[in-house]
Amino acid sequence: MNALPAILWVIGVAGALMVCGITLWQSHYFDGHAGQVRPVAWSMIGAHFVTLVMVALPYPIYLANKDAISAHSRALYERLGWPSAIIAVVLILGELALMYMQARRAMTAQEHRGHQDAVADESTGDK
-11 MNALPAILWV IGVAGALMVC GITLWQSHYF DGHAGQVRPV AWSMIGAHFV
39 TLVMVALPYP IYLANKDAIS AHSRALYERL GWPSAIIAVV LILGELALMY
89 MQARRAMTAQ EHRGHQDAVA DESTGDK
């Protein structure tokens, strides 16, 4: 029981970093394919909510079971409580910001593709 909150928090942070990495990868920031950006997948939105729960769940678990946790572990959790909460909030907000930026890039890419299709149709005489 001593390690359960820490294990859940680490899994949540790893998941949040994964969501951030996948969102960066799908946004094509570094490979020059900005025209191929697609909207944020529903699976990424679902993963965001899972990571939100996973990084938030350790705090009520700790509070509910703090009397059953050893004194050494309790002192460690109390010392790391605020820094871990700040890291969790920054990661969750980072996920949201990266998903928003991907959605904006996807919207711009879609508009650009639509403009290219219209120019192509105009040049071939299609209406």
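Counting in the numbering used here, the sequence shown runs from -11 upward without gaps.
Yeah, the Cβ is synthetic: ideal placement off N, Cα and C, and Gly gets one too.
Quick check on the burial criterion: 16 or more other C-beta atoms within 10 angstroms. Buried or exposed for residue i?
i, result
"residue 14", "buried"
"residue 86", "buried"
"residue 95", "exposed"
"residue 48", "exposed"
"residue 2", "exposed"
"residue 93", "buried"
"residue 52", "exposed"
Give me the residue from the options with the minimum Cα distance to residue i.
i, options, result
"residue -6", "98, 69, 79", "69"
"residue -11", "88, 98, 59, 44", "59"
"residue 12", "1, 83, 39, 96", "83"
"residue 10", "0, 66, 31", "31"
"residue 78", "-8, 4, -2", "4"
"residue 43", "81, 19, 67, 17", "81"
"residue 8", "20, -4, 40", "40"
"residue 37", "0, 111, 100, 56", "0"
"residue 21", "57, 46, 97", "97"
"residue 76", "45, 56, 34, 17", "45"
"residue 88", "64, 28, 61", "28"
"residue -8", "61, 100, 111", "61"
Note down, one range per segment and in chain order, each alpha helix (DSSP H) of at least 4 residues found wholly within the stretch 29 to 106.
30 to 44, 46 to 53
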